[in-house]
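In the numbering used here, the protein residues as written are 13 to 373. Note that the Cβ used here is the ideal one computed from N, Cα and C, for glycine as well.
Structure, rendered in structure tokens:
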């Protein structure tokens, strides 16, 4: 790949026109290149135009890739206009195919070499640099999870080592191309959102109970963008976390609020933070949340109607919340926090059962 300085040099060379080495009465000038920056993607074609000036000489010219600008050096291009004859002042053009003439990403020097028919030591050449910069491959491993007014996106780090940034495209409608993603709800701005070199992004400020569709792209240091990733979707919900109790018109009914009776209870704040900051950032955590939302509502309804069950549930949930709060203060490991949650649940459950039995005795 081009370094920045080489890229600038190429652009200047293209715009200033390439002037070559002249011998005797022959002079070769490359007058233009299209695209003007000389950078091609895989499948593209570059067109150069050139001019050969001579007095009385006649001869032949060749457009070649590589070599040193001397006769018979370099590789002939596939275009039939890559060779011909000249007499006096002659203008010509030739096409360089990234598929047929170039082999892999990198810089290539294109020479136009004109040789006098009567004296092969009387020649002139001009050169210009073109670059093949294929787009990065598509971003893989894109996954999404939803929270309250937000969506958590993650993706795999790109295998190319010259990635400059990732971009997140989003909208409330499924799309097929980048132009279809015109989302503007997120606090981060309108689609696409520049994620830098991070491999995760939280789209906040979204509307609950609305499905959002997302794709991710990678752009390399030359500004070449990959095709979009596979599309993923997620739906933010107005659940108050792993702790909300909702009535029948809401998305679900959850155990913790049934136990504490207040969606703003400090213990519920702990559970919400645990869900949004820990669980929703891993596949296992998202699966846990989804299972909780799916299976807990019937239990929450029963607990809400029985004071003794609410007391027992608090006996289980309180040490869990305290363990989470402690772990988040003393460790950065999400796995450790998740393990403490499960461990405290296993230890606290028998306590709740004994208290229920004691209350009934």
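Terminal residues of the beta strand (DSSP E) in which residue i lies
i           : result
residue 176 : 175-183
residue 207 : 205-208
residue 44  : 38-46
residue 150 : No beta strand (DSSP E) contains residue 150, which DSSP labels as neither H nor E.
residue 103 : 102-109
residue 120 : 118-128
residue 232 : 224-232
residue 135 : 135-144
residue 214 : 212-215
residue 165 : 162-166
residue 190 : Residue 190 -> no beta strand (DSSP E), and no H or E assigned at all.
residue 235 : First-last for residue 235: undefined, no H or E at that position.
residue 245 : 244-246
residue 157 : 155-159
Residue closest to residue i, alpha-carbon to alpha-carbon, out of the options
i           : options               : result
residue 89  : 245, 60, 66 and 100   : 60
residue 145 : 220, 92, 58 and 69    : 58
residue 215 : 267, 72, 162 and 151  : 162
residue 153 : 209, 169, 102 and 300 : 169
residue 171 : 79, 277, 209 and 130  : 209
residue 206 : 184, 247 and 180      : 180
residue 184 : 220, 304, 167 and 130 : 220
residue 336 : 300, 130, 322 and 286 : 286
residue 288 : 248, 316, 56 and 322  : 248
residue 186 : 200, 246 and 201      : 246
residue 189 : 280, 202, 301 and 228 : 228
residue 143 : 315, 314, 310 and 46  : 46
residue 91  : 106, 323 and 313      : 106
Residue i vs residue j beta-carbon contact at 8 Å
i           : j           : result
residue 147 : residue 236 : yes
residue 136 : residue 98  : no
residue 339 : residue 283 : no
residue 149 : residue 238 : yes
residue 329 : residue 270 : no
residue 182 : residue 120 : no
residue 195 : residue 292 : no
residue 192 : residue 218 : no
residue 298 : residue 94  : no
residue 295 : residue 155 : yes
residue 165 : residue 213 : yes
residue 375 : residue 167 : Given a span of 13 to 373 for the chain in the structure shown, any question on residue 375 remains unanswerable.
residue 81  : residue 44  : no
residue 151 : residue 62  : no
residue 64  : residue 122 : no
residue 69  : residue 128 : yes
residue 66  : residue 100 : yes
residue 325 : residue 315 : yes
First through last residue of the alpha helix (DSSP H) which encompasses residue i
i           : result
residue 279 : 278-289
residue 271 : 267-272
Any C-beta of chain D under 8 Å from that of residue i
i          : result
residue 50 : Chain labels in this structure do not include chain D; a single protein chain is all it has.
Any non-hydrogen atom of the ligand HEM closer than 7 Å to residue i Cβ
i           : result
residue 241 : This structure does not include the ligand HEM; it has no bound ligands of any sort.
Every unbroken alpha helix (DSSP H) inside the segment 53-99 [4 residues or more]: none
Given 8 Å, three or more beta-carbon pairs between the segment 63-75 and the segment 36-45: yes
Contact the segment 42-57 vs the segment 97-111: 3+ CB pairs below 8 Å: yes
Touching by the beta-carbon criterion (3+ pairs, under 8 Å), the segment 225-232 and the segment 169-178: yes
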